[in-house]
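Scroll down for the structure; my scribbles are underneath it.
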Amino acid sequence: MNTKLEKERILILGGSGFIGNAIYKELLSYFDVHCTYCRQSGAFSENHVFHKYCVAEDSLFLLLHKIQPTVIISAFKGDYKSQFEAHQQIANYALLHSNCSVIYISSSEVFDGKFSHPSFENNLTLSESVSGKFKISIEKLLLEVIPSQTTILRLPMVLGINSPQILHLRQCIRHRAAFEVFPNLVITTTTINKICQQIHYIINQSLRGIYHLASNDMVHHEDLFNEISSKIGDKMPIFKSVFSSNEDRYAAILPKENRLPNPHQITVAQVIEDCVLNEEIISIK
Numbered sequence: 046m047n048t049k050l051e052k053e054r055i056l057i058l059g060g061s062g063f064i065g066n067a068i069y070k071e072l073l074s075y076f077d078v079h080c081t082y083c084r085q086s087g088a089f090s091e092n093h094v095f096h097k098y099c100v101a102e103d104s105l106f107l108l109l110h111k112i113q114p115t116v117i118i119s120a121f122k123g124d125y126k127s128q129f130e131a132h133q134q135i136a137n138y139a140l141l142h143s144n145c146s147v148i149y150i151s152s153s154e155v156f157d158g159k160f161s162h163p164s165f166e167n168n169l170t171l172s173e174s175v176s177g178k179f180k181i182s183i184e185k186l187l188l189e190v191i192p193s194q195t196t197i198l199r200l201p202m203v204l205g206i207n208s209p210q211i212l213h214l215r216q217c218i219r220h221r222a223a224f225e226v227f228p229n230l231v232i233t234t235t236t237i238n239k240i241c242q243q244i245h246y247i248i249n250q251s252l253r254g255i256y257h258l259a260s261n262d263m264v265h266h267e268d269l270f271n272e273i274s275s276k277i278g279d280k281m282p283i284f285k286s287v288f289s290s291n292e293d294r295y296a297a298i299l300p301k302e303n304r305l306p307n308p309h310q311i312t313v314a315q316v317i318e319d320c321v322l323n324e325e326i327i328s329i330k
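Under my numbering, the first residue of the sequence shown carries the number 46, and numbering increases by one thereafter.
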């Protein structure tokens with residue numbers, strides 16, 4: 046591996062969350078990795094690469110200048126006003142440190158105002174949800190202030206054997222409980238393992254721009270969870286069908302302009318396989 050890359054100092058904001066913690070575990074052996082946590086003091090306070098940071102209470106400016114990261118991965122949560130101010134501080138830090146890049150974990154929500162077709166990287170964003178509009182504002186901020194240092198990663202539904210959705214599905218199967226599905230919703234998906242591999246590659250290659258880290262093909266939401274459930278075991282949950290339209294609506298993002306190499310792509314079939322592996326389910330630590 047390139048000597049320069051081995052010296053990258055990476056700060057994962059939100060390293061205690063589902064996505065952030067998985068990224069931390071993927072990168073830890075290769076880079077100088079630091080993370081933030083907010084409330085989980087018992088789990089992370091003794092870990093010297095985890096730093097307590099609550100977006101509504103603490104100064105990100107001080108933390109950035111203490112750690113001096115060369116890569117900032119934004120995967121944290123909090124109230125929108127505080128988050129926006131934190132990303133302004135991230136942009137200001139990057140302006141002062143030209144060797145620093147910023148990776149923002151966004152989502153397909155930036156297109157949740159569009160339903161007639163899937164969305165690609167260069168399509169204009171349009172959202173009807175508060176969350177989607179907020180993510181658009183962060184994308185716009187970073188792309189306008191530090192365009193040459195910014196990488197936007199838009200994620201679809203993220204699954205995997207230990208993902209919250211699959212854990213919930215298993216609970217519903219076990220207890221014969223209701224699990225909501227959307228028969229007329231066409232989506233793309235991916236796994237947490239694939240995202241981590243892709244982010245590792247993006248950091249190694251110093252890639253910039255907008256990337257859709259989603260499956261190359263689409264699937265109906267109901268069909269996806271029907272197939273996963275049938276492969277998990279003999280029992281099925283009680284599927285509760287939710288209809289928002291009489292016709293198909295798309296909540297799908299697809300890679301087109303910025304495609305990663307084949308080993309770093311994924312299909313719906315591979316997502317399903319990853320969700321039903323007979324492995325021990327471990328908790329996030």
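Heads up, the beta-carbon is just placed ideally off N, CA and C, and yes, glycines get one too.
Residue i and residue j closer than 8 Å at C-beta
| i | j | result |
| --- | --- | --- |
| Asp319 | Thr233 | no |
| Ile183 | Val147 | no |
| Phe156 | Ser172 | yes |
| Met281 | Ser274 | yes |
| Ile64 | Ile150 | yes |
| Asp97 | Tyr82 | The question names Asp, but residue 97 in the sequence shown is Lys. It is a contact, given that the beta carbons lie within the stated cut-off. |
| Val321 | Lys276 | yes |
| Asp77 | Glu53 | yes |
| Ala136 | Leu56 | no |
| Leu58 | Ile117 | yes |
| Val226 | Asp293 | no |
| Asn261 | Thr312 | yes |
| Gln6 | His309 | No information on residue 6 is available, as it lies outside the stretch 46 to 330 that the chain covers here. |
| His245 | Leu72 | yes |
| Leu109 | Tyr138 | yes |
| Leu200 | Ile211 | no |
| His132 | Ser119 | yes |
| Gly62 | Lys126 | no |
| Leu105 | Gln128 | no |
| Thr115 | Cys145 | yes |
Three-state secondary structure (DSSP) of residue i
| i | result |
| --- | --- |
| Val147 | strand |
| Ile191 | coil |
| His110 | helix |
| Ser260 | coil |
| Ile277 | helix |
| Ala314 | helix |
| Val321 | coil |
| Ser164 | strand |
| His265 | strand |
| Leu169 | coil |
| Ile118 | strand |
| His142 | coil |
| Ile242 | Here the sequence assigns Gln to residue 242, which means Ile is not the residue at that position. The answer is helix: DSSP assigns Gln242 an H, G or I state. |
| Glu272 | helix |
| Lys301 | coil |
| Ser328 | Confidence is the limiting factor: at Ser328 the pLDDT is only 40, short of 50, which leaves the residue's position unreliable, though a coordinate-based value still follows. Here Ser328 sits in coil by DSSP. |
| Thr48 | Bear in mind that a pLDDT of 42 at Thr48, under 50, signals an unreliable position, so the model cannot answer this. |
| Gln128 | helix |
| Ser182 | helix |
| Pro306 | coil |
Residue i - partner residues in DSSP beta bridges
| i | result |
| --- | --- |
| Glu225 | Lys285 |
| Asp77 | Arg54 |
| Val199 | Here the sequence assigns Arg to residue 199, which means Val is not the residue at that position. Arg199 pairs with Ser151 and His257. |
| His96 | Thr81 |
| Tyr295 | Val231 |
| Ser104 | For Ser104, which the question treats as bridged, DSSP gives no partner whatsoever. |
| Leu204 | Thr236 |
Residue i CB to nearest heavy atom of the ligand SAH below 7 Å
| i | result |
| --- | --- |
| Gly158 | With respect to the ligand SAH, the structure offers nothing, as it holds no ligand at all. |
Rounded distance between the beta-carbons of residue j and residue i, thought under 8 Å
| i | j | result |
| --- | --- | --- |
| Val94 | His79 | 5 Å |
| Pro209 | Ala259 | The pair is not a contact, with the Cβ atoms about 18 Å apart (cut-off 8 Å). |
| Ile317 | Pro163 | That pair is no contact at about 19 Å. |
| Glu166 | Asn303 | 5 Å |
Checklist entry - Is the stretch 254-267 close to the stretch 213-221, with three or more CB pairs under 8 Å? => result Counting Cβ pairs under 8 Å, fewer than three are found: no touch.
Checklist entry - Three or more C-beta pairs closer than 8 Å, one from the stretch 242-260 and one from the stretch 196-203: is that the case here? => result Contact holds: three or more Cβ-Cβ distances are below 8 Å.
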